[in-house]
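Engineer:
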Amino acid sequence: MTYVITEPCIGVKDASCVEVCPVDCIHSTDEDPMYFIDPNECIDCGACEPACPVSAIFPEDEVPAQWQVYKQINALWFEDKEQARALLKANAPGLT
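Be aware that the sequence shown starts at 35, since it is given in this note's numbering, and climbs by one per residue.
1. What is the DSSP secondary structure of residue 87, counted as helix, strand or coil?
2. Sorted by chain position, which residues of the same chain lie with C-beta nearer than 8 Å to residue 103's C-beta, five sequence neighbours on each side aside?
3. What is the DSSP secondary structure of residue 42, reduced to helix, strand or coil?
4. If I follow the unbroken alpha helix (DSSP H) through residue 50, where does it start and stop?
5. Based on the DSSP secondary-structure assignment, which residues constitute the bridge partners of residue 70?
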């Protein structure tokens, strides 16, 4: 299991989760509106979840139904950023 960052992170992009991650598996770029967790590097410690001020982080098996696509978006971002960004824009309200 891994942790997943979901829609509430968009536009907030608070780095509290990055600061507490012991394995540095949470990343983003200046052009991205949110952070992403690398599912291959996450050790499932859960430190990021309570650090998030907008409650955007969930264990993979507890992601709310309306944000299930974020499991795919997080994983895809580490394989193909452009494809992940396109999927994010197609599913996140307000992104163009």
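Every residue, glycine too, gets a C-beta built ideally from N, C-alpha and C.
Structural biologist: In this structure, then:
1. In the sequence shown, counting from the first residue as 1, residue 87 sits at position 53. In the structure shown, residue 87 sits in coil (DSSP, three-state: anything other than H, G, I, E or B).
2. Translated into positions along the sequence shown, residue 103 becomes position 69. These residues qualify, in order along the chain: 121, 125.
3. As a working note, residue 42 is residue 8 in the sequence shown. If DSSP states are grouped into helix, strand and coil, residue 42 belongs with the helices.
4. Counted from its first residue, the sequence shown places residue 50 at position 16. Where residue 50 is concerned, the enclosing alpha helix (DSSP H) stretches over 50-54.
5. Within the sequence shown, the letter at position 36 stands for residue 70. Answer is 61, bridged to residue 70.
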